[in-house]
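>
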Amino acid sequence: MNFFKSSAIIFSGTFIVNLINYIFTLIMGRMLDVVAFGEMTAMFSLLLIVSVPSAAIAMMMTREAAVYSINSHNSIYALFNFLKRHVLIAGIGFWIIFIILTPLLSNLLHIHYSLFLIFSFLIPLSLMTGMQIGTLNGLQKFFISSKQSILNTAI
């Protein structure tokens, strides 16, 4: 795939993701009262903080998948399966730490405990998604990667 076509695919996918986020914010701003909108914003801010390790995993997988793609696709498959187990274990570890810190966060942010419990299930999922998107980018499957990002945002 040439550089300009790949760049256009990534740009288009990112634009659509940002447009969905913008429309969602407008709709939620109209539907929710001030307190509920503040709670939603606080939860999305926490999601941003939690997704930092996911971005690091995505960059690492992009680099490794690009290097391994030169050799063979079987080595990428082996690397993906090896890291999938470790990332899942790390995700469960982060999830347990978050569950332990939930009462503190609930008191600090004045948000009901149950919202944090629902939110906590996104932590392992976020790490796994970062690994998948990084692998797709490393294999230069930009259309599939953009499509997955759009679906993640829409959901």
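So for the sequence shown, my numbering puts the first residue at 117; every next one is plus one. For every residue, glycine included, the Cβ atom is placed at its ideal position computed from N, Cα and C. All figures in this text were calculated on a predicted structure; none of them were measured in a lab.
Taking only beta-carbon positions, decide if residue 232 is within less than 8 Å of chain B.
This model lacks chain B altogether; it includes just one protein chain.
> Between the beta-carbon of residue 255 and the beta-carbon of residue 185, is there less than 8 Å?
Between residue 255 and residue 185, the CB-CB gap stays under 8 Å.
> Within 10 angstroms of its Cβ, does residue 68 collect 16 or more other Cβ (buried), or is it exposed?
Because the chain is modelled from 117 through 271, residue 68 falls outside the range shown and cannot be assessed.
> Would you kindly check if the distance between the Cβ of residue 156 and the Cβ of residue 148 is under 8 Å?
yes
> Grab me the residues of residue 137's own chain with a C-beta within less than 8 Å of its C-beta, minus the 5 sequence neighbours each way, in chain order.
269
> Sorted by chain position, which residues of the same chain lie with C-beta nearer than 6 Å to residue 131's C-beta, five sequence neighbours on each side aside?
none
> Name the residue from 251, 229 and 202 whose alpha carbon lies nearest to the alpha carbon of residue 214.
229
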